[in-house]
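Notes for the one structure printed next.
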Amino acid sequence: MLKDGGKVKPGEEWTALNTAPSPLGAWFALLESVVASQRRQSESLGKSSLNVDAH
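In our numbering, the protein residues as written are 235 to 289.
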């Protein structure tokens, strides 16, 4: 979903919010992108044991 190695470009999260079918769906889309980004960062650092599901 995100390009450039998971880095979110300015305004990209707002695009996700505006194109979501509902406010709840928008929050899930934003949360999913954040979690995916954190997961990619932790994998690139070799910290696969990092708990990214805490929030």
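All C-beta atoms in this analysis are idealised placements derived from N, C-alpha and C, irrespective of residue type, glycine included.
In this structure, how does DSSP classify residue i when only helix, strand and coil are distinguished?
{"i": "Gly280", "result": "coil"}
{"i": "Ser256", "result": "coil"}
Keeping to the same chain, check which residues put their C-beta closer than 7 Å to that of residue i; ignore five residues upstream and five downstream.
{"i": "Leu265", "result": "none"}
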